[in-house]
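Novice: Okay, here's the structure, questions in a sec.
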Amino acid sequence: QLAERDESVDELSRREQIFASAQERYYDRPMQIERGWRHHLVDTTARAYIDMVNNVTGLGHGHPGVADAVNRQIRILNTNSRFLYRELAEYSERLLALLPPNTELDTVLLINSGSEAVDLALRLAQAATGRKTVVSLREAYHGWTMASDAVTTSAYDNPYALENRPDWVHVADVPNQFRGTYRGENTGAAYAADLGRDLEQLAAEGREVAGFICESVLGNAGGVVLPTGYLADAYARVRAAGGLCIADEVQVGFGRMGSSFWGFEQSGVVPDIITIAKPMGNGFPIGGVITSKKIADALASQGQFFSSAGGNPLSCRVGLAVLDAMEEEGLQENARVVGDRLANGFRELATRHDIVGPVHGEGLYLGVELVRDRETMEPAKAEAAAICERMKELGVVVLTTSERSNVLKVKPPLCLTAESADYVVSALDRVLTEGW
Ligand code: PMP
246 QLAERDESVD ELSRREQIFA SAQERYYDRP MQIERGWRHH LVDTTARAYI
296 DMVNNVTGLG HGHPGVADAV NRQIRILNTN SRFLYRELAE YSERLLALLP
346 PNTELDTVLL INSGSEAVDL ALRLAQAATG RKTVVSLREA YHGWTMASDA
396 VTTSAYDNPY ALENRPDWVH VADVPNQFRG TYRGENTGAA YAADLGRDLE
446 QLAAEGREVA GFICESVLGN AGGVVLPTGY LADAYARVRA AGGLCIADEV
496 QVGFGRMGSS FWGFEQSGVV PDIITIAKPM GNGFPIGGVI TSKKIADALA
546 SQGQFFSSAG GNPLSCRVGL AVLDAMEEEG LQENARVVGD RLANGFRELA
596 TRHDIVGPVH GEGLYLGVEL VRDRETMEPA KAEAAAICER MKELGVVVLT
646 TSERSNVLKV KPPLCLTAES ADYVVSALDR VLTEGW
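So the number in this note's numbering is just where the residue sits in the sequence shown, counting from 1, plus 245.
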């Protein structure tokens, strides 16, 4: 009877007929998800899954506070943002209050997605410096628009750009201390020195740097934390060369690190431009750029800036409801406590299962790297895919990431409970023990 009600086979062929092949989907036989509650997803056969990958829905699925905010505001007003709206100022002020004290970051521009945020950040850097060149790190994902795609360097996400990248983008080495050019946590200075050489070379070619963009923790690589001192050293070199530092916090910011609200705080730096999106609206499309007035005002040289839906009263109300819930429910602290528990659980698995290599990340942004050999770090890509399929059967949604698709990405809603975290670790233990 349950099987009869499983519409996922029909739904898959329906999707395949009307979607472009490049529109990504997960799993060989994806489940048809009908509803979500907190860190759970429920499919049309009433099976529940623990959602370990949803960093968009930071508060958890079906959050009543967000639902109420939408319901209330959409009945009152929702339109573009060119009059005065209290919600817009209130939300922007709330965002600024989340920044470390005494920074020059005093200006907010609201748009609708992470790609738009990155696009706008690049435009700001170019407008404020009067230069073109942007330095991006290898193996990064920053979005799908023309500009954010140009700085997306992951061969997995953007093979096209390997040969067709616009000449205003320079790709620098990725400081991956686990499998990069230099290994170990004390390699920050070596990687930053290489970046410094790149900057000198660019200047010698007359391509002075406008901006440097990177994630403050390497999200696309699976939550790989930067080697000690890298970001501070890199920012100093970029600034000395006259460029601006852009932190892409779309994934790693907004409380997910647990021990800090922002990813860049892990490295003790303050960026010139910050991009945010995904969790801001708990699934509702909101994106933003935070910068200084001086940098933001440079946009005027390019004419008016306006986004029809960006910063509308509805999205601001949703954004405020998200921040309220994060505070009231102590979600950043939960990310720290449950994240530590989860990471310790995964590290314990590494003592018993050879395939488990380094466990990356911080808070509830973790990555379990699966390798065939811990010395050579040969990626266990096929194994990782099969393990994800088996985890699905055990009721856990966990998926792969990184250039080599061999890292289990772990970025659940921040309301994940200790009980569910323990279940996920025990399910993974079972799969690794029984085979997949
Ligand atoms: N930056 C980073 C680091 C991202 O992970 C993403 C999305 N995966 C983006 C930007 C683009 O965000 P969006 O999908 O909202 O356009």
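Note that the Cβ used here is the ideal one computed from N, Cα and C, for glycine as well. Source: prediction; values computed, not measured.
Can you list, in chain order, the residues of its chain whose CB lies under 7 Å from that of A395, leaving out five sequence neighbours each side?
Specialist: Working through the sequence shown from its first residue, we reach residue 395 at position 150. Counting only Cβ-Cβ distances below 7 Å, and skipping sequence neighbours, we find A406, R410, P411, V414.
Novice: Considering only residues of the same chain and omitting the five flanking positions on each side of L565, which have a CB-CB separation below 8 Å?
Specialist: Taking the first residue of the sequence shown as 1, we reach residue 565 at position 320. The residues are A314, E332, E335, Y336, R339.
Novice: Among A543, G307, F506, D478, which residue has its Cα nearest to the Cα of A438?
Specialist: The residue you call residue 438 lines up with position 193 of the sequence shown. Out of A543, G307, F506, D478, D478 has the C-alpha closest to the C-alpha of A438.
Novice: Measuring straight from C-alpha to C-alpha, what distance separates S671 and V563?
Specialist: By one-based count along the sequence shown, residue 671 stands at place 426. By one-based count along the sequence shown, residue 563 stands at place 318. Roughly 36 Å separates the two Cα atoms.
Novice: Let's test the definition: count the other Cβ atoms within 10 Å of the Cβ of A385 and tell me whether it reaches 16, buried, or not, exposed.
Specialist: The sequence position of residue 385 within the sequence shown is 140, counting from 1. By the 10 Å Cβ count, A385 comes out buried.
Novice: Looking at C-alpha atoms only, which residue of G456, R482, W389 is the closest neighbour of A435?
Specialist: The sequence position of residue 435 within the sequence shown is 190, counting from 1. The option with the nearest alpha carbon to A435 is R482.
Novice: Quickly, what does DSSP pair G612 with across the bridge? List them, please.
Specialist: Working through the sequence shown from its first residue, we reach residue 612 at position 367. Paired residues: H605, K654.
Novice: Measuring straight from C-alpha to C-alpha, what distance separates G548 and R383?
Specialist: On the sequence shown, residue 548 is found 303 positions in, with the first residue counted as 1. On the sequence shown, residue 383 is found 138 positions in, with the first residue counted as 1. Between G548 and R383, the C-alpha separation is close to 33 Å.
Novice: Comparing the CB of Y386 with every heavy atom of the ligand PMP, is any distance shorter than 6 Å?
Specialist: Residue mapping note: residue 386 aligns to position 141 of the sequence shown, counting from 1. Within the chosen limit of 6 Å, the ligand PMP reaches the beta carbon of Y386 through at least one heavy atom.
Novice: Would the beta-carbon of S360 be found less than 6 Å away from any heavy atom of the ligand PMP?
Specialist: Counted from its first residue, the sequence shown places residue 360 at position 115. Under cutoff, so the answer is yes.
Novice: Spatial neighbours of R486 within its chain, please: C-beta separation below 6 Å, excluding the five flanking residues on both sides.
Specialist: Here residue 486 corresponds to residue number 241 of the sequence shown, with the count starting at 1. The residue you asked about is not Arg; residue 486 is Ala in the sequence shown. Cβ within range, chain order: L444, V454.
Novice: Restricting to runs no shorter than 3 residues, where is the beta strand (DSSP E) found entirely within the stretch 517 to 564?
Specialist: 518 to 521, 532 to 536
Novice: Where G526 and G584 are concerned, what is the direct C-alpha to C-alpha distance, given to the nearest angstrom?
Specialist: Position 281 of the sequence shown, counted from the start, is the residue given in the question as residue 526. Position 339 of the sequence shown, counted from the start, is the residue given in the question as residue 584. Between G526 and G584, the C-alpha separation is close to 22 Å.
Novice: V583 bridges to which residues according to DSSP?
Specialist: Here residue 583 refers to the residue found at position 338 when the sequence shown is read from its first residue. According to DSSP, which records beta bridges pairwise, V583 is partnered with nothing at all.
Novice: Quick one: what's L286 bridged to in DSSP?
Specialist: On the sequence shown, position 41 is the one that residue 286 refers to. Beta-bridge pairing links L286 to G281, Y294.
Novice: Tell whether a beta-carbon distance below 7 Å holds between A522 and G359.
Specialist: Taking the sequence shown and counting its residues from 1, one reaches residue 522 at position 277. Taking the sequence shown and counting its residues from 1, one reaches residue 359 at position 114. Yes, the pair counts as a contact, with Cβ atoms nearer than the cut-off.
Novice: Could you check whether G555 and N357 sit closer than 7 Å to each other, using their CB atoms as the reference points?
Specialist: Locating residue 357 in the sequence shown gives position 112, counting from the first residue. Locating residue 555 in the sequence shown gives position 310, counting from the first residue. Yes, these two residues count as a Cβ contact at 7 Å.
Novice: By the 10 Å Cβ neighbour count, where 16 or more other Cβ atoms means buried, how is P346 classified, buried or exposed?
Specialist: For the purposes of this step, residue 346 is taken as the residue at position 101 of the sequence shown. Under this definition P346 is an exposed residue.
Novice: So the alpha helix (DSSP H) T352 belongs to, where does it begin and stop?
Specialist: In the sequence shown, counting from the first residue as 1, residue 352 sits at position 107. First-last for T352: 352 to 356, but that is the beta strand (DSSP E), not the alpha helix (DSSP H).
Novice: Please tell me whether G388 and K654 are closer than 7 Å, where the distance is taken between their beta carbons.
Specialist: Here residue 388 is taken as the residue at index 143 of the sequence shown, counted from 1. Here residue 654 is taken as the residue at index 409 of the sequence shown, counted from 1. No, they are not a contact pair.
Novice: For the candidate residues R327, R597, E628, whose alpha-carbon lies nearest to that of T550?
Specialist: To locate residue 550, count along the sequence shown from 1; it is residue 305. The amino acid occupying residue 550 in the given sequence is Phe; Thr does not appear at that position. Out of R327, R597, E628, R327 has the C-alpha closest to the C-alpha of F550.
Novice: What distance in whole Å lies between the Cβ atoms of G602 and R619, which are believed to be in contact at a cut-off of 8 Å?
Specialist: Here residue 619 corresponds to residue number 374 of the sequence shown, with the count starting at 1. Here residue 602 corresponds to residue number 357 of the sequence shown, with the count starting at 1. Their Cβ separation, rounded to whole angstroms, is 6 Å, which keeps R619 and G602 in contact under 8 Å.
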